[in-house]
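In the numbering used here, the protein residues as written are 270 to 754.
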C-alpha cells in the first residue's frame with residue numbers, strides 16, 4: 270500500500286514536471302522566429318547634437334593656445350587642409366559661435382547675415398551644426414552695444430540697478446532695449462528658425478557676455494518682452510536659456526519647452542577665497558536648478574554646459590586632481606547634460622580616460638538589445654517585428670529622427686520608416702514593436718535585414734549605435750530573412 274502511494278506520488282510529480290516543461294516551451298520563443306541580440310561596443314560615439322563642441326572655430330582647426338580663449342568677435346577662419354581631427358580634443362558634431370550684437374547689426378536695421386550664413390556653411394562642411402549666441406554686449410568699450418544704439422541711449426549708466434556685479438552696459442528697463450535688441454532677435458528668427466544646420470540658439474538677454482547677471486531685478490514687463498523675442502521667433506530650432514533666476518526661467522518655460530545652460534561648470538574654488546568659500550558647483554548650481562524649476566527640462570529640451578576656465582587652468586591653476594575632475598563630470602551627468610563647450614582648449618592626457626568615460630554617458634547612447642522577426646515571409650506578406658532598446662546615456666536625442674528597417678538583396682532594397690519618436694527615448698529601456706509589408710515584387714530568396722536611426726527627410730542613417738554590425742553606409746546588419754514567392 271505504501272509502495273502504491275509512493276508510485277502515485279512519483280507519477281503525479283512526473284505529470285506536473287512534464288506540464289511545466291510544456292508551459293515553459295510554449296511561453297518561450299516560438300518556432301521559426303529569428304532572435305537577434307547584437308553585441309555591444311564600448312567605444313566613444315560621435316553623434317548629432319551631443320558631446321564636445323568647438324568654440325569660435327570648427328573641426329580640424331587649431332585649438333586655443335595655453336589656458337586662454339576668445340569670444341564675441343567675428344570668426345577668424347583658419348586655413349583647412351581637409352583633416353577634421355582635433356588634436357588633443359574629442360571629435361565634435363557642434364560648432365559654437367558667440368558674437369556680440371554690435372557685429373551682427375553694425376547699422377540700425379542692417380544685419381550681417383552673411384557672417385552667419387558662412388558660419389553655417391562651414392560648420393556643415395566640417396560635419397557640424399552651429400550653436401549660436403548673440404550676446405548684447407561684453408565688458409569694456411570694445412565690446413559695447415552697437416554704436417548707433419549707444420548714440421540713441423547716450424553714455425548714461427547711472428540707472429536704478431546698475432552695479433559691477435550685473436555688468437549691464439545699458440538699461441534693460443528702457444523700452445528701446447527690447448525694441449532694438451529684441452527686434453534683432455526677431456529678425457534672426459524670421460530668417461533662420463528651422464535652419465537644418467542651426468543646432469540651437471541661446472536665450473541671452475542681459476549681463477556681460479549675455480550670461481544673465483541681474484535678471485532677477487528686471488520688471489516683469491521687460492522680462493517678458495525680452496524672452497518673447499526668442500520664444501515667439503524660434504518655434505522649431507531649440508532654445509537654450511542661461512540659468513538666470515526663478516521668474517525668468519519659469520516664464521521662458523511657460524512659453525515653449527526650453528533647455529538650459531550654465532557657463533562655469535567645474536568651479537570648485539576659482540573665487541572661493543574672495544567669496545567666503547562660495548563656488549558654483551557646490552553653492553549655486555544644485556540649489557538654483559531646483560529653485561528655477563528646470564530640473565526636468567532635459568526630458569524635452571537639450572542641456573548644454575560650458576567649462577569654467579579651461580582644462581589647463583583646472584590642472585595648472587586650480588590644481589584639480591582626478592577625483593575632483595570625476596566629481597565634476599558626475600555632477601554634470603546627474604543634471605542630464607547633452608553637450609559641453611571646453612572652449613577649444615586641449616584635454617590633458619592624464620585626464621583623457623576620464624573624458625572618454627564621460628563622453629560614453631553624455632547625451633544619448635542607444636544600444637539595440639533584442640530584435641525578432643519571422644525566418645521567412647511571402648512576397649507582399651506582413652513582417653511583424655519586436656525590438657528592445659536601451660538608452661545608456663543621460664538624455665534623449667532631441668532631433669527629429671526615427672527608427673527604420675531595410676531589406677537588401679543585391680542592388681534592390683526596401684526601407685520602412687517607423688513612427689517611433691526618438692525624442693521620447695529617455696534613459697533606460699525602450700520597446701518598439703511593429704510590422705511592415707514586403708513589396709510584391711521584391712526578389713525572392715535570402716536577403717539582409719538591417720536597422721538604423723534615420724532622418725525623416727532623406728531616410729539616411731544619422732546615429733551611431735552602441736552595437737556591432739555597422740556597415741560602411743551607416744546601416745546595421747541584423748540577420749537574414751527568406752522571401753518566398
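Think of the CB as a built atom: it goes at the ideal place given N, C-alpha and C, for glycine as much as any other residue. These numbers come from a predicted model, not from an experiment.
Close Cβ partners of residue i (< 8 Å) along its chain, the five nearest in sequence each way excluded
i, result
"residue 706", "649, 650, 651, 652"
"residue 581", "335, 336, 614, 615, 617"
"residue 350", "329"
"residue 741", "none"
Separation of residue j from residue i, as counted between CA atoms
i, j, result
"residue 749", "residue 693", "29 Å"
"residue 530", "residue 512", "6 Å"
"residue 642", "residue 701", "13 Å"
"residue 317", "residue 435", "35 Å"
"residue 483", "residue 553", "15 Å"
"residue 746", "residue 691", "20 Å"
"residue 791", "residue 519", "Limits of the chain in this structure are 270 at one end and 754 at the other, which puts residue 791 out of reach."
"residue 401", "residue 709", "48 Å"
"residue 464", "residue 503", "10 Å"
"residue 550", "residue 440", "30 Å"
"residue 455", "residue 356", "38 Å"
"residue 825", "residue 326", "Any property of residue 825 remains undetermined from this structure, which presents the chain solely from 270 to 754."
"residue 370", "residue 726", "34 Å"
"residue 429", "residue 314", "50 Å"
"residue 645", "residue 754", "11 Å"
"residue 541", "residue 587", "11 Å"
"residue 559", "residue 395", "37 Å"
"residue 737", "residue 718", "14 Å"
"residue 295", "residue 676", "Residue confidence is low: residue 295 scores 48 on pLDDT, short of 50, so the model does not pin down where it sits. No coordinate-derived value is stated."
"residue 608", "residue 493", "28 Å"
"residue 695", "residue 478", "33 Å"
"residue 442", "residue 489", "10 Å"
"residue 715", "residue 752", "6 Å"
"residue 475", "residue 514", "12 Å"
"residue 505", "residue 462", "6 Å"
"residue 332", "residue 339", "11 Å"
"residue 592", "residue 631", "19 Å"
"residue 598", "residue 575", "12 Å"
"residue 373", "residue 610", "22 Å"
"residue 341", "residue 729", "35 Å"
"residue 663", "residue 566", "13 Å"
"residue 470", "residue 640", "38 Å"
"residue 589", "residue 516", "35 Å"
"residue 733", "residue 375", "42 Å"
"residue 472", "residue 537", "26 Å"
"residue 343", "residue 451", "21 Å"
"residue 557", "residue 682", "52 Å"
"residue 423", "residue 438", "11 Å"
Contact set for residue i: own chain, Cβ-Cβ below 6 Å, skip 5 residues either direction
i, result
"residue 699", "658"
"residue 594", "620, 623"
"residue 533", "549, 577"
DSSP beta-bridge partners of residue i
i, result
"residue 723", "671, 730"
"residue 575", "610"
"residue 640", "305, 656"
"residue 508", "470"
"residue 676", "683, 718"
"residue 379", "376"
Terminal residues of the beta strand (DSSP E) in which residue i lies
i, result
"residue 323", "320 to 324"
"residue 655", "651 to 660"
"residue 365", "363 to 369"
"residue 345", "Residue 345 -> no beta strand (DSSP E), and no H or E assigned at all."
"residue 698", "697 to 700"
"residue 648", "Looking at the DSSP string, residue 648 is not in any beta strand (DSSP E), and its letter there is neither H nor E."
"residue 683", "681 to 686"
"residue 746", "745 to 753"
"residue 705", "703 to 706"
"residue 399", "398 to 404"
Element boundaries [alpha helix (DSSP H), containing residue i]
i, result
"residue 421", "416 to 422"
"residue 426", "That residue, residue 426, is in no alpha helix (DSSP H); it is neither H nor E in DSSP."
"residue 625", "621 to 630"
"residue 385", "382 to 394"
Contact set for residue i: own chain, Cβ-Cβ below 7 Å, skip 5 residues either direction
i, result
"residue 389", "399, 464, 466, 467"
"residue 735", "309, 310, 314, 634, 635, 636, 661"
"residue 392", "327, 364, 398, 399, 466"
"residue 739", "745"
"residue 449", "418"
"residue 521", "472, 496, 500, 510, 527"
"residue 407", "341, 369, 477, 478"
Beta carbon proximity, residue i to chain C, threshold 8 Å
i, result
"residue 543", "Given the protein chain composition of this structure (a single chain), no chain C is represented."
Start-end ranges of the alpha helix (DSSP H) lying completely within the segment 441 to 504, minimum 4 residues: Runs of the alpha helix (DSSP H) spanning 4 or more residues and lying entirely within the segment 441 to 504 occur at 444 to 461, 489 to 500, in chain order.
Any beta strand (DSSP E) of 3 or more consecutive residues that is wholly inside the segment 518 to 594: 528 to 534, 572 to 576
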